[in-house]
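This report concerns only the one structure given below.
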């Protein structure tokens with residue numbers, strides 16, 4: 010099990026849409042956590058505001074600061090996206106900007122808790138919507154704890170121009186905090202330049218491309234029936250395969266014994 014984080018640059022499309030599509034399409038047991046400091050949108054959008062009472066990471070943060078009860082309160086703040094199976098759970102994001110100050114000092118606490126969810130019975134992966142990187146109070150501890158970080162970007166030149174700075178910022182921070190190499194990948198959204206061309210330009214591997222599918226994106230944003238056969242959902246389901254392979258390679262690399270006097274592999 011693992012933390013899989015999605016983040017984007019200013020103006021880049023589709024972090025929440027991509028994360029929700031993956032959460033609904035993958036076969037992994039997972040929690041989708043909206044950790045965007047700018048606020049969550051799934052509760053009011055895809056779920057149509059149908060829940061009674063406040064729910065989500067803001068309420069969890071307030072309770073943690075007041076009572077230190079994250080372990081006991083966490084599961085009560087989740088929404089079952091595939092009820093009653095409890096295999097696709099949502100931790101809704103902030104709905105009140107005033108709660109942002111409560112969440113920011115707890116990013117490390119949340120990162121540690123997410124990392125431990127694989128040891129529960131049953132265990133869960135955590136798919137994290139981190140929103141745009143350049144906002145106040147970005148969830149850096151969650152990004153550093155992730156086994157895979159997907160940098161979501163459009164494939165047109167203006168998108169890539171903004172993404173280049175985010176690649177540099179992420180790589181610099183990960184190096185400073187000794188995040189294992191190979192964590193960061195590009196996830197392309199929509200039409201534009203080719204995968205090989207973009208990978209060479211940004212010096213970062215492209216893990217997949219999600220197609221331009223406005224009909225499905227509209228359902229994921231505003232609610233409705235998600236159809237598994239639509240292009241976006243098929244591509245999101247297919248993304249589980251390279252993600253799983255990347256996680257297995259990372260687990261194998263971290264399990265290698267480090268011989269004294271021999272440098273770590275990169």
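Numbering (this note's numbering), first residue to last: 10 to 275.
Cβ atoms here follow ideal geometry from the backbone N, Cα and C, with glycine treated the same way.
For clarity, every value in this text was computed on a predicted model and none was experimentally measured.
Cutoff 7 Å; reference residue 30; Cβ partners in own chain excluding five residues on either side = Excluding positions up to five away in sequence, the list reads 229, 241, 242, 245.
Could you tell me which of 259, 128, 138, 206 sits nearest to residue 188, measuring between CA atoms?
-> The residue with the shortest Cα to Cα distance from residue 188 is 259.
Determine the contact status of residue 125 and residue 148, defining contact as a CB-CB distance below 9 Å.
-> Not a contact, by the Cβ cut-off of 9 Å.
Would you tell me roughly how many angstroms separate the C-alpha atoms of residue 102 and residue 140, rounded to the nearest one?
-> Counting only the Cα atoms, residue 140 lies some 11 Å from residue 102.
Buried versus exposed, by CB contacts within 10 Å (16 or more), residue 213 | It is buried - the Cβ of residue 213 has at least 16 other Cβ atoms within 10 Å.
Is the beta carbon of residue 52 sitting closer than 9 Å to the one on residue 65?
-> Yes, they are a contact pair.
With DSSP run on the structure shown, which of helix, strand or coil describes residue 139?
-> In this structure, DSSP gives residue 139 an extended state, which the three-state scheme calls strand.
Which residues mark the beginning and the end of the beta strand (DSSP E) in which residue 97 is found?
-> It spans 97 to 100 - the beta strand (DSSP E) in which residue 97 sits, taken as one unbroken run.
Same chain only: Cβ atoms within 6 Å of residue 142, ignoring 5 sequence neighbours per side | Around residue 142: 16, 175.
Residue 194 versus 221, 237, 227, 256, residue with shortest Cα-Cα distance = The candidate whose alpha carbon is nearest that of residue 194 is 256.
Beta-carbon proximity list for residue 261, same chain, < 8 Å, skipping 5 on both sides = Within the same chain, residue 261 has no close Cβ partners at all.
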